[in-house]
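Undergrad: I have a structure here, written as structure tokens, and I will follow up with some questions on it.
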Amino acid sequence: MTMPLLELKSLNVSFAGRDGITRAVKDLSYTLKTSETLGIVGESGSGKTQSVMSLMGLLPHNATVSGKAMLNGTDLLALSQSELNRVRGKDIAMVFQDPMTSLNPHLTVGAQMSLVARRHLGKSKRDALAECRLMLEAVRIPEVAKRMTQYPHELSGGMRQRVMIATALLCKPKLLIADEPTTALDVTVQAQILELMCELQTDFATAILLITHDMGVVAGTCDRVLVMSKGECVEENFVEPLFATPQHPYTRALLAAVPRLNEVNTELNQPTDTAQRLEARGLEVTYSVDSKRFLAAAHQLKALRGVDLNLIAGETLGVVGESGCGKSTLARAVLNLIPSSAGDVLLMGESLQKLTTKQLRAMRSDMQIIFQDPLASLNPRMTIADILCEPLDTYHPNLSRAEKLRRASIMIEKVGLSPEQLTRYPHEFSGGQCQRIGIARALMFEPKLIVCDEPVSALDVSVQAKVVQLLIELQKELNLSLVFIAHDLAVVRQISHRVMVMYLGKVVELADRDEIYSSPRHPYTRALISAVPIPDPKIQQSLGFAAISGDLPSPLHPPAGCAFCTRCPLAEPRCANEEPPLRAVGRSMVACHLAD
Amino acid sequence: MLRFTVKRFFGAIPTLLVLMVLAFTLIRVAPGGPFDSEKQLSAEIQERLNAAYHLDEPLWQQFIRYLGNLLQGDFGPSFAYADYTVSELIATGFPVSLKLGSLAMLLAIIAGVAIGTMAALKQNTRTDYVVMTAAMTGVSVPTFVIAPLLVLVFAVTLQWFPAGGLGDWRNLVLPVIALALPQIAYIARLTRGSMIEVLRSDYIRTARAQGLTQIEILFHHALKPAILPVVSYLGPATAAIITGSVVVEQIFGVPGLGRFFVQGALNRDYTLVMGIVVFYGVLIICFNFFVDIAYRWLDPRVKL
Numbered sequence: 001m002t003m004p005l006l007e008l009k010s011l012n013v014s015f016a017g018r019d020g021i022t023r024a025v026k027d028l029s030y031t032l033k034t035s036e037t038l039g040i041v042g043e044s045g046s047g048k049t050q051s052v053m054s055l056m057g058l059l060p061h062n063a064t065v066s067g068k069a070m071l072n073g074t075d076l077l078a079l080s081q082s083e084l085n086r087v088r089g090k091d092i093a094m095v096f097q098d099p100m101t102s103l104n105p106h107l108t109v110g111a112q113m114s115l116v117a118r119r120h121l122g123k124s125k126r127d128a129l130a131e132c133r134l135m136l137e138a139v140r141i142p143e144v145a146k147r148m149t150q151y152p153h154e155l156s157g158g159m160r161q162r163v164m165i166a167t168a169l170l171c172k173p174k175l176l177i178a179d180e181p182t183t184a185l186d187v188t189v190q191a192q193i194l195e196l197m198c199e200l201q202t203d204f205a206t207a208i209l210l211i212t213h214d215m216g217v218v219a220g221t222c223d224r225v226l227v228m229s230k231g232e233c234v235e236e237n238f239v240e241p242l243f244a245t246p247q248h249p250y251t252r253a254l255l256a257a258v259p260r261l262n263e264v265n266t267e268l269n270q271p272t273d274t275a276q277r278l279e280a281r282g283l284e285v286t287y288s289v290d291s292k293r294f295l296a297a298a299h300q301l302k303a304l305r306g307v308d309l310n311l312i313a314g315e316t317l318g319v320v321g322e323s324g325c326g327k328s329t330l331a332r333a334v335l336n337l338i339p340s341s342a343g344d345v346l347l348m349g350e351s352l353q354k355l356t357t358k359q360l361r362a363m364r365s366d367m368q369i370i371f372q373d374p375l376a377s378l379n380p381r382m383t384i385a386d387i388l389c390e391p392l393d394t395y396h397p398n399l400s401r402a403e404k405l406r407r408a409s410i411m412i413e414k415v416g417l418s419p420e421q422l423t424r425y426p427h428e429f430s431g432g433q434c435q436r437i438g439i440a441r442a443l444m445f446e447p448k449l450i451v452c453d454e455p456v457s458a459l460d461v462s463v464q465a466k467v468v469q470l471l472i473e474l475q476k477e478l479n480l481s482l483v484f485i486a487h488d489l490a491v492v493r494q495i496s497h498r499v500m501v502m503y504l505g506k507v508v509e510l511a512d513r514d515e516i517y518s519s520p521r522h523p524y525t526r527a528l529i530s531a532v533p534i535p536d537p538k539i540q541q542s543l544g545f546a547a548i549s550g551d552l553p554s555p556l557h558p559p560a561g562c563a564f565c566t567r568c569p570l571a572e573p574r575c576a577n578e579e580p581p582l583r584a585v586g587r588s589m590v591a592c593h594l595a596d
Numbered sequence: 001m002l003r004f005t006v007k008r009f010f011g012a013i014p015t016l017l018v019l020m021v022l023a024f025t026l027i028r029v030a031p032g033g034p035f036d037s038e039k040q041l042s043a044e045i046q047e048r049l050n051a052a053y054h055l056d057e058p059l060w061q062q063f064i065r066y067l068g069n070l071l072q073g074d075f076g077p078s079f080a081y082a083d084y085t086v087s088e089l090i091a092t093g094f095p096v097s098l099k100l101g102s103l104a105m106l107l108a109i110i111a112g113v114a115i116g117t118m119a120a121l122k123q124n125t126r127t128d129y130v131v132m133t134a135a136m137t138g139v140s141v142p143t144f145v146i147a148p149l150l151v152l153v154f155a156v157t158l159q160w161f162p163a164g165g166l167g168d169w170r171n172l173v174l175p176v177i178a179l180a181l182p183q184i185a186y187i188a189r190l191t192r193g194s195m196i197e198v199l200r201s202d203y204i205r206t207a208r209a210q211g212l213t214q215i216e217i218l219f220h221h222a223l224k225p226a227i228l229p230v231v232s233y234l235g236p237a238t239a240a241i242i243t244g245s246v247v248v249e250q251i252f253g254v255p256g257l258g259r260f261f262v263q264g265a266l267n268r269d270y271t272l273v274m275g276i277v278v279f280y281g282v283l284i285i286c287f288n289f290f291v292d293i294a295y296r297w298l299d300p301r302v303k304l
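Here it is in structure tokens:
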């Protein structure tokens, strides 16, 4: 038997904190062979990231590590700082979750990449830059020479992650650690990146340690999987048996919680009242983007290019699309939180644009928003009671404090927390609990409409499912209308009555949820759906990733004709000239010349 | 960019006007006048002098007249230094002050950034505490206390450097240090704070994961973002060094613009005081503008 590339022997990581010692990783052992992919799966706080950070010597100072981590016979944990510096970046490389913050915003791509080549390959500045160009070509970045001189913020998210991967592979490492490499990316881009990683692994014969929370990603990429919970390995197996016959209850729970595109296990509210709650007609939003050049005029960025929507009482409209498609702008424009440049929004028949500031403020209690980052959207210096009572101070200033607290207690029970928790502060709650508080705060107004802007994307899958279920129940009870914005198509399917797909500020398809998932008519919708990783290794590994190539075009200069024509596999000459209107095809509304 | 330049240019006009009105009023409110001396002048001569310099006109008329002359680049004659125009005096004094000020600024930036970085790397150790306590003291102790102390120690007791005057480089050492010390302290504090933040960021973690050494990380990755707050402080720092120079030049007897300013104020040399105020005002406004441009150049994400 050959020696494994990496062998972990009873790794322990603990942190000394104010409340004593926290054990983040407990007695973790595993092996990894050359050019094998091991997936480490677990929810946040399971210690999966800490376990690899300890290998890289990247833990904070208050951490204690024990055990052995043998890479080709060298114990990584016993290396001195300078010995470690010769290993990391060269033999082990790492790709991090958020490519925006993980790249230095002050250095050009070429500058930060070449530093690595110069350090480990001992190359001159010129040779190092040449090496970087080759590697950027290997990760299939177009216009390499131009990219080398650009700063990270000038690149798209997918492009940044490609740069991260290219940098990691510069020294042809034996082991590549990827910590949630696609979590911050859109599904379409995620598919491209995962495919790239699989191909490069074959080319470079690199072993990959893939850390993720997404069972779909694991199913498509990994040879073996290790499931972690609360710092311990609860199950380890080859990928197919793990999905087919999970042994540990935690693995089973994790698999069950994964929202699947092809099955729906939620029962939606049946709207009875057909009166329109919310209508938007031809909504347009334009941002002015200042040019960096000396004499150039400001650019006009059209974030929304004429969006119509309607929503009846007790109904949920799901909105999906890649980042940059105008989803969040739509959320804000619908609530009149940002001015729209054209079009109109009607809430229960009243045009929001025509209201005075005072009337609009009175209307605000009917329309609420829930934000993406649950913790950041709660004031850290206010108790939960204060956070929940604040809306009442504005809209019912005559209520006594006791009455306000009574209402807050009722509401917090409604979202599944207990009234004793009212005196605590936001940081004492988990992400899911914070989002429940955010929902409770929105409900304090007794609103008719809630716009949920990516409400569950920051949460673990098991928590996601619970929050979605909570929203569905609250909708039934209070006859709420919801606009549910998300990039995760599976989650959208669980909660929405109808689904709207957006691309570059326009609606490209709108249909009932079962219709759109079973027979998507727009090529973009089809691409989005096929890019979602399926949590089944047999299906996923036979299908492969990468549904559509390329990035979203710049919204500053949207393509003429059909906005999607630059990436569409079916595009015909007329698509580039003629803009397709949104028209009825079957039971869907589609904006495509070719749909029938 | 052009919009920014134009906006800043027109924004500077009201600032300068307010500055001039304030300075003009304040110096006139001060008792006495430019031609008061121990020897009492006869009323007739006094009147003629006033008429010659338009001091008999109402204040607002004098102010308008001054503005009119200023627009033509004429700062007017000095009242106290006979035969000199204010422009000539500025031309004599400014090179001296510029030398002093820019040396002090250079010292402040280099020493401040170095000390701040060192403290950040040794965060929460004894080095950090000692350096930062010293910096805190530096910020709090005014120049007019530090300068005489420096003279006492290095000029009088140790006799390393001359106590004042203008000669070779040795004359500059003490005034430059006195001028720079509070700025060193402030810049060190700024650098420490931002450096600690930068060292905690994700991209520094990436750099460490790439096996770069501490030095490489510091110079290639961390220094540029960490000194951004220092760059934006350079505007206020210039103003502080200019005000500091007024005190320091007086104490060390350096014949710079600051000394002219103090003498001008004591002599009620109205035009000289106004001239220096306007000159420094324009200088500070310009410098702030350049700092903003530099900031933009350093931080690729900032748009103007």
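Quick mapping for you: the protein sequence lines, in order, are chains A and B.
Residue numbers 1 to 596, in the working numbering, belong to the letters of the first sequence in order.
Residue numbers 1 to 304, in the working numbering, belong to the letters of the second sequence in order.
Note that CB positions come from ideal geometry on N, CA and C, so glycine has one too.
It should be emphasised that the depicted structure is a prediction, and the values quoted were computed from it without experimental measurement.
Per DSSP, what are the beta-bridge partners of Lys302/A in this structure?
TA: Counted from its first residue, the first sequence places residue 302/A at position 302. Answer is Thr286/A.
Undergrad: In chain order, what residues of the segment 191 to 216 of chain B put their CB closer than 9 angstroms to some CB of chain A?
TA: Ser201, Asp202, Tyr203, Ile204, Arg205, Thr206, Ala207, Arg208, Ala209, Gln210, Gly211, Leu212, Thr213, Gln214 and Glu216
Undergrad: Under a three-way DSSP split, which group does Thr15/B fall into?
TA: The sequence position of residue 15/B within the second sequence is 15, counting from 1. Looking at Thr15/B - three-state DSSP - the assignment turns out to be helix.
Undergrad: Would you report the Cα separation of Leu84/A and Leu59/A, rounded to the nearest angstrom?
TA: Stepping through the first sequence from its first residue, residue 84/A is reached at position 84. Stepping through the first sequence from its first residue, residue 59/A is reached at position 59. Leu84/A and Leu59/A: Cα-Cα distance of roughly 13 angstroms.
Undergrad: Out of Phe15/A, Pro535/A and Asp75/A, which one is the CA nearest neighbour of Lys26/A?
TA: Locating residue 26/A in the first sequence gives position 26, counting from the first residue. Nearest C-alpha to Lys26/A: Phe15/A.
Undergrad: Can you tell me which of Leu2/B, Ser232/B, Leu22/B and Leu172/B puts its alpha carbon nearest to the alpha carbon of Val278/B?
TA: Stepping through the second sequence from its first residue, residue 278/B is reached at position 278. The shortest Cα separation from Val278/B among Leu2/B, Ser232/B, Leu22/B and Leu172/B belongs to Leu22/B.
Undergrad: If contact means a Cβ-Cβ distance below 8 angstroms, which residues of the segment 216 to 241 of chain B contact chain A?
TA: The residues in question are Glu216, His220, His221, Lys224 and Pro225.
Undergrad: Quick one: list the residues of chain B neighbouring Asn85/A, beta-carbon separation under 8 angstroms, in chain order.
TA: In the first sequence, residue 85/A corresponds to position 85, counting from 1. Result: Gly211, Leu212 and Thr213.
Undergrad: Between the Cα of Leu317/A and the Cα atoms of Ile472/A, Arg364/A, Gln359/A and Leu355/A, which residue gives the shortest distance?
TA: Walking along the first sequence from the start, residue 317/A turns up at place 317. Closest by C-alpha distance to Leu317/A, out of Ile472/A, Arg364/A, Gln359/A and Leu355/A, is Ile472/A.
Undergrad: Check whether the Cβ atoms of Met148/A and Leu129/A sit closer than 9 angstroms, and answer yes or no.
TA: The residue labelled residue 148/A in the question sits at position 148 within the first sequence. The residue labelled residue 129/A in the question sits at position 129 within the first sequence. Less than 9 angstroms divides the Cβ of Met148/A from the Cβ of Leu129/A.
Undergrad: Please identify the residue among Gly321/A, Ala207/A and Pro555/A whose C-alpha is closest to the C-alpha of Asn72/A.
TA: For the purposes of this step, residue 72/A is taken as residue 72 along the first sequence, with counting starting at 1. The option with the nearest alpha carbon to Asn72/A is Ala207/A.
Undergrad: Using the C-alpha atoms, what's the distance from Gly264/B back to Val246/B?
TA: Mapped onto the second sequence, residue 246/B falls at position 246. Mapped onto the second sequence, residue 264/B falls at position 264. So the alpha carbons of these two residues sit roughly 12 angstroms apart.
Undergrad: Quick one: Cα of Leu19/B to Cα of Met274/B, how far?
TA: Counting from 1 along the second sequence, the entry for residue 19/B is found at position 19. Counting from 1 along the second sequence, the entry for residue 274/B is found at position 274. Looking at the two C-alpha atoms, the distance is approximately 10 angstroms.
Undergrad: Should Tyr270/B be labelled buried (16 or more other beta-carbon atoms within 10 Å of its own) or exposed?
TA: Counting from 1 along the second sequence, the entry for residue 270/B is found at position 270. Under this definition Tyr270/B is a buried residue.
Undergrad: Starting from Glu509/A and walking both ways along the beta strand (DSSP E), at which residues does that stretch end?
TA: Translated into positions along the first sequence, residue 509/A becomes position 509. Run containing Glu509/A: Lys506 to Asp512, per the beta strand (DSSP E) assignment.
Undergrad: Measuring alpha carbon to alpha carbon, tell me which of Pro535/A, Asp536/A and Cys592/A ends up nearest Gly561/A.
TA: The residue given as residue 561/A occupies position 561 in the first sequence. It is Cys592/A.
Undergrad: Spell out whether any CB of chain E is found under 9 angstroms from the CB atom of Leu298/B.
TA: The chain inventory of the structure shown lacks chain E, comprising the protein chains A and B.
Undergrad: If we count the other Cβ atoms within 10 Å of its Cβ and call it buried at 16 or more, is Met228/A buried or exposed?
TA: Mapped onto the first sequence, residue 228/A falls at position 228. Met228/A is buried by the Cβ-count criterion.
Undergrad: Kindly list, in the order they appear in chain A, the residues whose Cβ is closer than 9 angstroms to that of Arg8/B.
TA: As a first step, residue 8/B must be located in the second sequence, where it is residue number 8. Neighbours of Arg8/B on chain A: none; closest Cβ ~14 angstroms, over 9 angstroms.
Undergrad: Would you check if there are 3 or more beta carbon pairs closer than 8 angstroms linking the segment 264 to 276 of chain A to the segment 299 to 313 of chain A?
TA: yes
Undergrad: For a cutoff of 9 angstroms on Cβ pairs, would you count Lys125/A as touching chain B?
TA: Within the first sequence, residue 125/A is the residue found at index 125, counting from 1. The beta carbon of Lys125/A does not come within 9 angstroms of any beta carbon belonging to chain B, so the residue lies off that interface.
Undergrad: For Thr85/B, list the residues DSSP reports as bridge partners.
TA: Residue mapping note: residue 85/B aligns to position 85 of the second sequence, counting from 1. Its beta-bridge partners are Pro77/B.
Undergrad: What would DSSP say about Tyr203/B, mapped onto helix, strand or coil?
TA: As a position in the second sequence, residue 203/B is number 203, starting the count at 1. Helix, per DSSP.
Undergrad: So, Gly47/A versus Ala24/A, is the Cβ gap smaller than 9 angstroms?
TA: What you label residue 47/A is simply residue 47 of the first sequence in a count that begins at 1. What you label residue 24/A is simply residue 24 of the first sequence in a count that begins at 1. Result yes, Cβ atoms of Gly47/A and Ala24/A sit closer than 9 angstroms.
Undergrad: Does DSSP classify Leu304/B as helix, strand or coil?
TA: In the second sequence, the residue the question calls residue 304/B occupies position 304. The predicted position of Leu304/B is uncertain, since its pLDDT is 48 and thus under 50; no value can be drawn from it.
Undergrad: Give the single residue among Ser87/B, Leu17/B and Leu107/B whose Cα lies nearest to the Cα of Ile241/B.
TA: Residue mapping note: residue 241/B aligns to position 241 of the second sequence, counting from 1. Taking only the C-alpha atoms, the option nearest Ile241/B is Leu107/B.
Undergrad: Using a 10 Å radius around the Cβ and a threshold of 16 neighbouring Cβ atoms, would you call Gly586/A buried or exposed?
TA: Looking up residue 586/A in the first sequence gives position 586. Counting Cβ neighbours within 10 Å, Gly586/A comes out exposed, since fewer than 16 surround it.
Undergrad: Strictly under 9 angstroms for the Cβ-Cβ distance: is Val13/A near chain B by that measure?
TA: In the first sequence, the residue the question calls residue 13/A occupies position 13. Val13/A does not count as touching chain B.
Undergrad: Please identify the residue among Leu196/A, Arg86/A, Ser102/A and Ile92/A whose C-alpha is closest to the C-alpha of Glu137/A.
TA: Counting from 1 along the first sequence, the entry for residue 137/A is found at position 137. Selected option, being the one with the closest Cα: Leu196/A.
Undergrad: For the structure I just gave you, are there three or more beta carbon pairs, one from the segment 280 to 287 of chain B and one from the segment 68 to 81 of chain B, closer than 8 angstroms?
TA: no
Undergrad: With respect to 8 angstroms, is the separation between the Cβ of Ile450/A and the closest non-hydrogen atom of the ligand ATP below this value?
TA: Absence of the ligand ATP is noted for the structure shown, with no ligands found whatsoever.
Undergrad: Residues of chain B with CB closer than 9 angstroms to the CB of His106/A, please, in chain order.
TA: Numbered from 1 along the first sequence, position 106 holds the residue referred to as residue 106/A. Near His106/A (Cβ distances below 9 angstroms), the residues of chain B are Tyr203, His221, Lys224, Pro225, Leu228, Leu298, Asp299, Pro300 and Arg301.
Undergrad: Evaluate Val289/A with the Cβ neighbour count: other Cβ atoms within 10 Å of its Cβ, from every protein chain shown; 16 or more gives buried, anything less gives exposed.
TA: In the first sequence, counting from the first residue as 1, residue 289/A sits at position 289. Exposed, because fewer than 16 other Cβ atoms sit within 10 Å of the Cβ of Val289/A.
Undergrad: Across the segment 168 to 188 of chain B and the segment 108 to 118 of chain B, are there enough close Cβ pairs to call them in contact, namely three or more that are closer than 8 angstroms?
TA: yes
Undergrad: Quick one: which unbroken alpha helix (DSSP H) runs of 4-plus residues sit fully inside the segment 136 to 223 of chain B? Chain order, please.
TA: 143 to 150, 169 to 199 and 202 to 209
Undergrad: Considering just the uninterrupted stretch of the beta strand (DSSP E) at Val65/A, what are its terminal residues?
TA: In the first sequence, residue 65/A corresponds to position 65, counting from 1. Start and end: Ala63 to Leu71.
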